[in-house]
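Novice: One structure follows; several queries about it will come next.
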Amino acid sequence: MNWNFLGTNWHLFGDLAALAFLALLVSATGVFFHIRRLRGRSPLPISEGVGARKAVLTKVRKGEPLSPQEHEFAGRVIADHRSPLAFCIPVAIFSLGCFYVLGSLEQLHGLTPSERTFIGVIPMFGSLNVTAQTLRIAKLKRRLPVSVTQ
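Listed below in structure tokens is the structure:
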């Protein structure tokens, strides 16, 4: 869309798409460092089981007693989700959707957008779901017992 204001030719959607792309690059860098940090540490034996993460977090949610190994694993999972770098993942997904929608709107040059233009809204909604799940797990810190006995 061509925005002429005070003699300046504004390309609003193109400029916003460029900002979304910059946000995508920054958040993708954060995702890279977050994943690198997660892969760099040694895995706990309990984490190798299928469904172990869900089972341990369910125990924490319900307030059931945890073994020391489960307590350490739950503390690690919750700490990972409380990290600011963990929020780079939904930001990257959201900015990717914004980049797609805004770039499509810029290419239309003021014409009526089609349904294809708004396909980028799907990852935006998905990123909101990822953010909600991350926050839900991060809130479990206060339910995690301070110490666990054998």
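According to my numbering, the sequence shown is numbered sequentially starting from 88. Glycine residues also receive a C-beta, built at the ideal position from the N, C-alpha and C atoms.
1. Leaving out the 5 sequence neighbours to the left and right, which residues in its chain are closer than 8 Å to V143 when beta-carbon positions are compared?
2. Note down the Cα distance separating I176 from R123, rounded to an integer number of angstroms.
3. Looking at L189: is its Cβ nearer than 7 Å to the Cβ of A110?
4. What runs of the alpha helix (DSSP H), each 4 residues or longer, lie entirely inside the stretch 123-202?
5. Counting only the same chain and skipping the five closest in sequence on each side, list residues whose C-beta sits under 6 Å from that of S191.
6. Between which residues of its own chain and A139 is the CB-CB distance below 8 Å, once the five residues before and five after are set aside?
Specialist: Taking the structure as given:
1. Exclusion of the five residues before and after V143 leaves I133, L153, E157, F160, A161 and V164 as the residues of its chain whose Cβ lies within less than 8 Å of its Cβ.
2. Going from the Cα of I176 to the Cα of R123 covers about 13 Å.
3. Not in contact: L189 and A110 (Cβ atoms no closer than 7 Å).
4. DSSP runs (the alpha helix (DSSP H)) wholly in the stretch 123-202: 139-149, 155-169 and 175-195.
5. Cβ within range, chain order: T204.
6. Excluding residues up to 5 positions away in sequence, I133 and F160 lie with their Cβ nearer than 8 Å to the Cβ of A139 in the same chain.
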